Amino acid sequence: MGRGGKFKKNRGGGRGGGRGAGANGERAPHRPYQTFPEVPKENEKFERYYKGMLNLPEEEQAEFWAALRRELPNSFRFCGSKGHALEVRKLLQKRYIPEITRITHDGILVEAPKEVPWYPDSLAWWMTTPKNVVRKFPPFSKFQKFLVSETSVGNISRQEVVSMIPPLLMDLKPGMTVLDLCAAPGSKSAQLLEMVHRGEEARIRQVVRAITSDANGADKTEVEQEDEAARLEADPSDDGRATGMLIANDADYKRSHMLIHQLKRLSSPNMIVTNHDATMYPPIRIPNPEDPYKPKYLKFDRILADVPCSGDGTLRKNANLWKDWTPGNALGLHITQVRILVRALQMLKPGGRVVYSTCSMNPMENESVVAAAIDRCGGPDKIEIIDCRDQLPLLKRKPGLKKWQIMDKSGRVWNTWKEVEEYTKSGGEKGGPAVAPSRIAKTMFPIEEGSDCYDLPLDRCMRVYAHQQDTGGFFITALHKKAEFKAKPEEVEKKETVKKPVAATNGAANGSSGATDAVETIGAAAAKRGLEEEQVEEPEVKKRRVSQDDTASPLEDAAAASEPEFAPIPDAVETVPEAKAEEVETPAESDTPMADADATETPAETPKPETTSTDTPKPGQHEKKKKQQGPYEEPFKFLSAENPVIQNVTEFYKISDRFPRDRYMVRNAMGEPAKSIYYTSALVRDILTLNEGRGVKFVHGGVKMFVKQDSPSAEVCCWRIQSEGMPILHGYVGEDRVVVLRKKETLKKLLIEMFPKIANGEWARLDEIGERVRDLGLGCCVLRIEPEGDDEYFNETMALPLWKSFHSLNLMLPKEDRSAMLLRIYNDTTPLVNMGIRKDEKKEEQQPVVATEAEAVVEAAEAKGEDTVMGEDTSETKEGGAAPKEDEKVPVENEAPVA
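Numbering follows full-length UniProt numbering, in which position 63 of the sequence shown is assigned residue number 63; successive positions increment by one, without gaps.
Listed below in structure tokens is the structure:
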């Protein structure tokens, strides 16, 4: 049951009146906005700590603190393929900005949105206009509608400017494999996925031209004008298709599905979503052509570790941090951050790059983590800090710190670890028993002289402060792996008063004071921060959580296969889950000793390596499978090219032999097509197949290519092409199932009218495609849009799914896409016309002829006495007036649309 549920018969009631209708159908008056007292932007400990440590020049200090107290500008980024993103950007520059620049407020011209100067291709923008001005003036209202519309279909992403930086420092090239360890909600993952597919469209065009012998000088000139990624030699092994891959991971299962929602908009078969604790991310098995019985594990070319942090760089958009900030926020996260970075470096190829980032200004989460991880991973001989000063030259930044202090929970500042040791030995200020300051660890301090890492060039790290370019605060560093290493075991500092062995028991859960002290000493327990990525529509909030599902059973495979790098985590240490504080909305409770004890969870037990490998099964011997943990996920089962369904689909659509037939997949235990068929890249297929039953928690992979549909006859294929799979498949579909549309007005008719009639000569209304659709066989086909003329808003080639029944057509697009395309191409907000409703007018009492986007489907379904589903996840494609979900059917001849 969709939104509204039992209230569907009276849409004016329930949930505050539905769409705002009153008793007589009139719009109810707007309820006044609720105001809350403004949070005082002061915090004595916070200001004292950073004033004495950031080493800003005197003239910058006032600017820094003034910037932190101002609201953050709104920012957004144009997404998707580069060509399409540039087309959407052109709308902003030519249609909306000229209108906005003519607005005056209090006698002053309003500042229009402006491009972020350092972001490539001017695809990132921001605006400082106050919200009351945006609400007041119609041009801003049109612009806001444009933002909302394009965001709903995935062409625009609302994202904080500084959070766009880390992916840009990855130097990600075509064909590379990349891992985002702490990915949700997915804005940075989306940037990475765009880079994986960079240049793919141009490469495929070159291959198609070569096949059709249609290459000419103009085409070559076009290719030469594009960047290197667009050249076929950049990624030639799969007919120009991208062979790289992104694995996006998050420790929280629910947030991993929000991650899927964000990434599915990009329609990538080269993407996998997993659900694991980043500190214990399992090894991923891949094919070993040289010896199929010897296990081989994936090493990544690039890894992003945008780790959980205290988030004090986000003060400008999370004002509650001013009152909730305590030193304990960062103290409890340091150890977890080190573990995540060490694990990332272990999984990296020699020659690969890890980008580590936080939205915190605290050096114990930044420089100290980098130094501690390098020290554990073999020192500067194995890991090098990359100097990124020549990248993004227009981005203003400060170098990383080489000296810093640590503030404990009481507000006392410590300069060195030696001070802590002396204080402990002396018995503290009262001369009592030796007790070290809670949660402070040696690795939080600058590296001591005499260590191999003493002279690390930490000034190569990058710090971005709020006053430099009117942004939030951020820390980024890029690390280069020179060679493989054996990570040092994690040091567990023992207190003199602790008599029990640290790893003897999970005492935090059982009330053991010794184990609790050990946990506090190394700072593994932490009050996590809630997170929220900026969104135009309803935001999702990241909750505080601890993952107990992520037991390290996959590590047994690593041990059995002699993978050397994985350093075990001590039993008495809590594994703190991912949460990114660049998006902090409401911080967790203050760090008090009582809260610390309550937050301490039973740690995961360290797995012991087995003496016999389960990864090297002999011929005829079945591999031992690990027990699946956490919520159940349907298995990924790949179909043979000889599968009757695949053969039927290939024959009906006349799919070229150059399109792979061994990469189709279903999500059910039987391994037979039931509702949906997915498509993946070759590497994704191999990973999902080889790691089945090995404890790797795959949540999503591939693109939905076909959805089952009731067909009017046995000759009509019952598998329709899904809109998200159309960009991948359309170039390989035979001409028998292709309709070419060239006129702008013809497309407008198909967008506005749902189920336009073609029987009894009405096909003639469809201009240049009328005869073609009249003679076309029933079922799904490709509507290929090849614009004619020089209309600057109608010049982009597109392919859309079209369904033909006996008497009507159905352009199978989600309602959001229809409305967004009408606004983008025609600057038109005309409500959609549901022809199915028109047909039933005589049967229904005063049934409206023209329905709004949302009402059209509801009213048509209610006219037939059927249930409705409205407002569901837009990532689950609901196409045309029928708005079918992934497992629902598109209405055929004479049927009113069914939600």
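Note that the Cβ used here is the ideal one computed from N, Cα and C, for glycine as well.
Model, not experiment: these values are computed from the prediction.
For K804, the uninterrupted beta strand (DSSP E) run begins and ends at 798-804, by DSSP. Under the 8 angstroms Cβ criterion, the stretch 334-354 does not count as touching the stretch 75-91, having fewer than three qualifying pairs. Restricted to the stretch 390-467, the beta strand (DSSP E) segments that are unbroken, complete and at least 3 residues in length are 462-464, listed in chain order. By the neighbour-count criterion, in which 16 or more other beta carbons inside 10 Å mark a residue as buried, E194 falls on the buried side.
Counting C-beta pairs with one atom in each stretch, the stretch 781-801 and the stretch 735-750 have three or more that are closer than 8 angstroms, which means they touch. In the three-state reduction of the DSSP assignment, W125 falls in the strand class. Y293: not part of any beta strand (DSSP E); DSSP gives it neither H nor E.
Looking at the DSSP output, Y664 shares a beta bridge with Y679. Annotated three-state conformation of G240 is coil, per DSSP. Two segments are said to touch when three or more pairs of C-beta atoms, one from each, lie closer than 8 angstroms; by this definition the stretch 281-295 touches the stretch 684-698.
The three-state secondary structure of W719, taken from DSSP, is strand. As computed with DSSP, A478 is found in a beta bridge with V355. M754 and V354 have their alpha carbons spaced roughly 49 angstroms apart. Here DSSP, grouped into helix, strand and coil, assigns M821 to helix.
According to DSSP, D775 shares a beta bridge with no other residue.
Counting the other CB atoms within 10 Å of its CB gives V116 a total of 16 or more, which places it among the buried residues. V666 sits away from F706, with the two beta carbons spaced by 8 angstroms or more. Per DSSP, the unbroken alpha helix (DSSP H) holding V342 starts and ends at 334-346. The beta-carbon distance between A799 and L783, rounded to whole angstroms, is 7 angstroms. This is short enough to meet the 8 angstroms contact definition. In this structure the stretch 226-243 lies against the stretch 164-182, because at least three pairs of beta carbons, one per stretch, are closer than 8 angstroms. By the neighbour-count criterion, in which 16 or more other beta carbons inside 10 Å mark a residue as buried, I728 falls on the buried side.
Contact annotation: S360 and G313 have beta-carbon atoms nearer than 8 angstroms. For A319, the three-state secondary structure derived from DSSP is coil. Taking C-alpha positions only, E792 is separated from R824 by approximately 11 angstroms.
Contact check for R460 against G378 fails: the beta carbons are separated by 8 angstroms or more. Residue pairing by DSSP puts R158 in a beta bridge opposite F76. When only Cα atoms are considered, D277 and K254 end up about 14 angstroms apart.
By the criterion of a C-beta distance shorter than 8 angstroms, R765 is surrounded in its chain by K749, P756, once the five residues flanking it on both sides are discounted. In this chain, the alpha helix (DSSP H) harbouring D375 covers 367-376. Per DSSP, R765 lies in no alpha helix (DSSP H) and is assigned neither H nor E.
P446 is positioned such that its CB atom lies closer than 8 angstroms to that of K403. G328 carries a helical assignment under DSSP once its states are collapsed to helix, strand and coil.
Under the DSSP definition of a beta bridge, S808 partners with K757. Only residues of its own chain outside the window of five on either side were considered, and among them K188, Q191, L192 have a CB closer than 6 angstroms to the CB of P167, listed in chain order. DSSP places N132 inside the alpha helix (DSSP H), whose first and last residues are 131-136. Boundaries of the beta strand (DSSP E) around H700: 698-701.
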